[in-house]
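**Q** Residue numbers (mature numbering (1 follows the signal peptide of the UniProt record, and there is no 0)): -34 to -1, 1 to 293.
Where a beta carbon is used, it is the ideal one built from N, C-alpha and C, also for glycine.
Here's a structure for you.
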């Protein structure tokens, strides 16, 4: 830091007084005893830059002429965890005109449950102004065909834009369908998820199954097999639904997909959100990309890797350029 402020032994005229005073404030920050090495110390136990949920809000200062949201609904950052909603309208038509039973949506901490004519659930995870679903599961099938179910499934699985109006109602909208929601009770708690270190997770990426990356989570760190053991490593802590990571490193090894490996390392440097299912499903999101994985337990066969897997993957589509998205 230049503590002279660029002034030599010159006469300071009155017009420069403001500049001198400003420089004096800067001089107060000059510490002759400061250790120049201290700023480059060991990494913190969590990532230095971790976006808060508010940072995922879309930019509402710019016009959105192609927005599927109806007039009166402003884009909203995802803040629906732990809430329940009555669906009052589908595509602008009151739900009561479409079916006799009520339709509901409940956002848990990692599970989304919805009931139209049938009842279904899926893991979900936040995105920028939206959310993404894992593989849906039908829990109660009382109807073979339902207009309400079809519209709900298309909206919820379509990474809908979220909006809120002055009355506190929420709209979930995709280009062809929309749901209007009014708040109700928060609904049941999420089912208990198995321990993360119970077994490794195979990432559901495209390409040869035997070459899919394998994520192993320990109490204070993680490793990823991607063409070699420990291809990506780092430290982590599970805090408030985030894998807070630090010291994420990429090792040198023979790989036909270095671009994909660097991309995956960057994903984990972002301290991604995490959602976990009761039978070992896993969703990870950095706010834009979603990665789905499944725990290899009790059968670890799907997570076993060998050098032959690299050659199998090379002949099955070439280099991957990004992590695989969820539904």
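Could you tell me if residue 155 is buried or exposed, where buried requires 16 or more neighbouring beta carbons within 10 angstroms of its beta carbon?
**A** By the neighbour-count rule (16 or more Cβ atoms within 10 Å), residue 155 is not buried but exposed.
**Q** So what does DSSP say about residue 192, is it helix, strand or coil?
**A** coil
**Q** What residues are listed by DSSP as bridge partners for residue 187?
**A** For residue 187, which the question treats as bridged, DSSP gives the partners 201.
**Q** Within the region 227 to 269, note down every full alpha helix (DSSP H) run reaching 4 residues or more, in order along the chain.
**A** Counting only runs that start and end inside the region 227 to 269, there is no alpha helix (DSSP H) element of at least 4 residues.
**Q** Helix, strand or coil for residue 87 per DSSP?
**A** strand
**Q** Is it right to say residue 98 is buried, meaning 16 or more other beta carbons lie within 10 angstroms of its own, or is it exposed?
**A** So residue 98 counts as buried.
**Q** Return helix, strand or coil for residue 98, following the three-state DSSP convention.
**A** DSSP places residue 98 in strand when its eight states are reduced to three.
**Q** Apart from the five residues just before and just after residue 87, which ones in its own chain have a Cβ nearer than 8 angstroms to its Cβ?
**A** Counting only residues of its own chain and dropping the five nearest sequence neighbours on each side, residue 87 has a CB closer than 8 angstroms to the CB of 77, 78, 79, 80, 102, 103, 105.
**Q** Just verifying my parser: in three-state terms, what is the DSSP assignment at residue 164?
**A** helix
**Q** So, with DSSP's three-state summary, where would you put residue 218?
**A** coil
**Q** Answer with buried or exposed for residue 158, where buried requires no fewer than 16 other C-beta atoms within 10 angstroms of its C-beta.
**A** exposed
**Q** Assign residue 133 to one of three DSSP states: helix, strand, or coil.
**A** In the three-state reduction of the DSSP assignment, residue 133 falls in the coil class, being assigned neither a helical nor a strand state.
**Q** On a Cα-Cα basis, can you pick out the residue from 38, 193, 89, 94 that is closest to residue 269?
**A** 193
**Q** Three or more C-beta pairs closer than 8 angstroms, one from the region 163 to 174 and one from the region 125 to 143: is that the case here?
**A** no
**Q** Could you spell out the range, first to last residue, of the alpha helix (DSSP H) harbouring residue 115?
**A** From DSSP, the alpha helix (DSSP H) with residue 115 extends over 113 to 122.
**Q** What first and last residue would you give for the beta strand (DSSP E) that runs through residue 61?
**A** That residue, residue 61, is in no beta strand (DSSP E); it is neither H nor E in DSSP.
**Q** Taking its Cβ as the centre, do 16 or more other Cβ atoms sit within 10 Å of residue 223, making it buried, or is it exposed?
**A** buried
**Q** According to DSSP, is residue 177 part of a helix, a strand, or is it coil?
**A** Helix, per DSSP.
**Q** Cβ of residue 47 within 8 angstroms of Cβ of residue 73?
**A** Yes. Within cutoff.
**Q** Just curious, the beta strand (DSSP E) that residue 110 is in, first and last residue?
**A** No beta strand (DSSP E) contains residue 110, which DSSP labels as neither H nor E.
**Q** Is the Cβ-Cβ distance between residue 259 and residue 181 less than 8 angstroms?
**A** yes
**Q** Compare the beta carbon distance of residue 91 and residue 191 with 8 angstroms and say whether it is the shorter of the two.
**A** Not closer than 8 angstroms, so no.
**Q** To the nearest angstrom, how far is it from the Cα of residue 40 to the Cα of residue 130?
**A** 5 angstroms
**Q** Less than 7 angstroms between C-beta atoms, sequence neighbours within five positions excluded: which residues of the same chain meet that for residue 51?
**A** 70, 71, 136, 147, 148, 149, 150
**Q** Which residues bound the beta strand (DSSP E) around residue 144?
**A** 143 to 150
**Q** Since residue 197 contacts residue 227 with CB under 8 angstroms, what's their CB separation in whole angstroms?
**A** 6 angstroms
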